[in-house]
Structures are given as C-alpha cells and as structure tokens.
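Line order of the protein sequences matches chains A and B.
Mapping the first sequence onto this note's numbering, position 63 (from 1) lands on 79, and the numbers just tick up by one.
Mapping the second sequence onto this note's numbering, position 24 (from 1) lands on 40, and the numbers just tick up by one.
C-beta: ideal position from N, C-alpha, C; glycine also.
Quick caveat, the model's predicted, so the values are computed rather than measured.
2 protein chains.
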Amino acid sequence: MAAPKKAQDPAQIIRLADRLSAMGTEPRLRIMQLLLSAHPEGLVVGDIGTELEIPSSTLSHHLEKLKNEQLVTVRREGTFLWYSANSEALEELLGFLYAECCTRNKAIEPQRIVCCK
Amino acid sequence: MAAPKKAQDPAQIIRLADRLSAMGTEPRLRIMQLLLSAHPEGLVVGDIGTELEIPSSTLSHHLEKLKNEQLVTVRREGTFLWYSANSEALEELLGFLYAECCTRNKAIEPQRIVCCK
DNA sequence: TCTATATTTCGATTACTATAGAAATATAGA
DNA sequence: TCTATATTTCTATAGTAATCGAAATATAGA
Chain A
17 MAAPKKAQDP AQIIRLADRL SAMGTEPRLR IMQLLLSAHP EGLVVGDIGT ELEIPSSTLS
77 HHLEKLKNEQ LVTVRREGTF LWYSANSEAL EELLGFLYAE CCTRNKAIEP QRIVCCK
Chain B
17 MAAPKKAQDP AQIIRLADRL SAMGTEPRLR IMQLLLSAHP EGLVVGDIGT ELEIPSSTLS
77 HHLEKLKNEQ LVTVRREGTF LWYSANSEAL EELLGFLYAE CCTRNKAIEP QRIVCCK
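Below, the structure written as structure tokens:
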C-alpha cells in the first residue's frame, strides 16, 4: 500500500491549486454552490444556466473545467446531462485547508470553523 | 449593526472566488503553506524566495496578489518586510466551504474533515 | 425518418496572468 | 554621504482564460 499523500507531495499541491483555481471565479463558485444545494442528485445543464443566467456555450466551458478538475461528476439521462458536486474532491480540498490552518499549524482554532454561526 | 454576511451576498461570493483564485496557483499555494508553517510571525520576503526558489520579481507579484486579496499581511522591520498569513481571511474562506459542504448541505460529513488523519 | 430539445463544439475576440531580467527605490549602518 | 542589502517597479513576452453567437451533435419521440 502506498504511503498516504502528504501535504508536501508536489502532485497533490498542484492538484489542489488547480481545484482552487477552478472554483476561483464567480460563475464557477456559484455553480458549485448551486450543485451542493441540489446534492447528491445534482442539476441538469439547462437548469443551471437558467438559474445563474449563463449562456449555454459559456456554461459548457465552465462545466468542462470543473469536470476536468474532478469537482463535478456527470451522468446522462436521455437527452439530459445531470451534473453533481463531487464530494470526494471537495473533501480532499477542505481537508487540506483545515489541516494547514487548524491542525498542522494553529492559525485558526477549529471551533471557529466547526461550531460557530 | 449590519446583518451578518450571507453566503448569497454577491460581494462575498466575488471576494471568496478571488481568494480561491489567489491561492489557485502552485507557487502561491506553497507561499500560503509556508507562511502558515511560520505563523504568526511569518517570514521575510528573501527567505520565502530562497525556500521556494522563486525569483524576487516574480515573488513580489505573487505576494502583491495575496496581499490584494487580504490573504497575507505585511509589516516592515527595518529593511525587511515580514509577510504573514491572514487567519481572518482564511477563516472566512474555510468557514464558507465548510458551511456549503457540511452544514447548509450534507455533501460531506463534518467528521471527515475535522477528525480524520 | 423527421422534428424538437439539450448540450457541446467551433471560431473569434478580448482580457487577464505568470514569468523574470534590469532598473529603481528603501532602509540601515559605516 | 556613501555603500550594501532588501524589495519593488518597470518592461516585455508568452501563455492562458472568459466570453458568447452560430453551427454541430446527441437523444427521444412521433
């Protein structure tokens, strides 16, 4: 069995950076937010576009980017493509940030993330 | 007193997206990681550059970007500029992601972030 | 097969973003 | 003031990314 991925693993850092970047635009962050609110079924492309008022070709590019970074998954049902948030990728990302900020270092107290509000 | 910022606040989404984007390159994610490991004192620009092998002009641009997004703070001590991770901005970011994934929606179980590994 | 609808791909434009050498600026100390 | 060191700004280049209308493709159903 391979050793667990460390935060210093160059490939992991690059993957995490790419995922942060993929979520780092307003339209795509809204897409992720919307898909999470419809988790785990997800939403059809057309409904995402209608909800967020994004032209279909633009939306298609954004979804492709999120898909390339494994932040979303797709399944086809007839003519429709259902996009869902990929909780595994989000877990890795959130786990990394949590570890860096709250565990490996003590920049943020855990209860400020976990309990409050 | 102003109402607490909701996740739907357009300005907050844009700010969070900009911060995700700012951390969304390998060099800048490494810078943040390094600054967190030296938190709260932070590090001098030259030491960051030496550690990560980034030319000074390139590093300066990366630091400027992180500073513009409030992800780092700077203080001068003589000739040296000390950069530190800004835990408040990181807390907002981590809090948002945690809420979207674990609280508002149930895409990830909290204990998968908080306890494991 | 023909039509309607869903989604992507094409093509083009525009605008950022990362990079880094060289020059400029800032501070401390002699 | 002069020098040394730290850091930024200038300048340029190359690559990447966001946008979206129009055309192409995919699927279902009549």
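- Put simply, the CB of V88 (chain B) is far from chain A, with every gap to its CB atoms at 8 angstroms or more.
- Under the Cβ distance rule, T41 (chain B) counts among the residues neighbouring chain A, one pair being separated by less than 8 angstroms.
- In this structure, the alpha-carbon of I70 (chain B) lies about 13 angstroms from that of T41 (chain B).
- A straight line joining the alpha-carbon of S73 (chain B) with that of S37 (chain B) spans about 20 angstroms.
- As for any alpha helix (DSSP H) of minimum length 4 sitting wholly inside the stretch 23–51 of chain B, the runs are 26–38, ordered along the chain.
- Short of 6 angstroms from the beta carbon of L75 (chain A), and not among the five residues preceding or following it, lie these beta carbons of its own chain, in chain order: G65.
- In this structure Q49 (chain A) is buried. Its beta-carbon is surrounded by 16 or more other beta-carbon atoms within 10 angstroms.
- If you look at T74 (chain A), you'll find it in the alpha helix (DSSP H) that goes S72 to N84.
- Listed by position along chain B, the residues whose Cβ is nearer than 8 angstroms to that of E107 (chain A) are C117, I124, R128 and I129.
- In this structure G58 (chain A) is buried. Its beta-carbon is surrounded by 16 or more other beta-carbon atoms within 10 angstroms.
- Taking the CA atoms as reference points, R92 (chain A) sits about 26 angstroms from D34 (chain A).
- For L97 (chain B), the three-state secondary structure derived from DSSP is strand.
- Straight across, the Cα-Cα distance linking A105 (chain A) with L79 (chain B) is about 27 angstroms.
- Any Cβ of chain B closer than 8 angstroms to the Cβ of R46 (chain A) would place that residue at the interface, and such an atom is present.
- At a C-beta separation below 7 angstroms, N84 (chain B) has no neighbours in chain A, since its nearest C-beta there lies roughly 14 angstroms away.
- Linking S103 (chain B) to R46 (chain B) through their CA atoms gives a straight-line distance of about 16 angstroms.
- In the DSSP assignment, G111 (chain A) falls within the unbroken alpha helix (DSSP H) covering S103 to Y114.
- Residue contact check for Y99 (chain B) against chain A: no CB pair falls below 8 angstroms.
- In terms of beta-carbon proximity, L79 (chain A) stays away from the interface with chain B, with every pair separated by 8 angstroms or more.
- Sixteen is the threshold: when 16 or more other Cβ atoms of the shown chains lie within 10 Å of the Cβ of E85 (chain B), as they do, the residue is buried.
- Looking at the backbone, the Cα of V60 (chain B) and that of T89 (chain B) are separated by about 12 angstroms.
- For the stretch 46–69 of chain A, the beta-carbon criterion of a distance under 8 angstroms to any beta-carbon of chain B is satisfied by R46, M48, Q49, L52, S53, H55 and P56.
- By the CB criterion at 8 angstroms, L68 (chain B) and A101 (chain B) fall outside the cutoff.
- Near chain B, meaning a CB-to-CB distance below 9 angstroms, the residues of the stretch 27–41 of chain A are I29, I30, L32, A33, D34, R35, L36, S37, A38, M39, G40 and T41.
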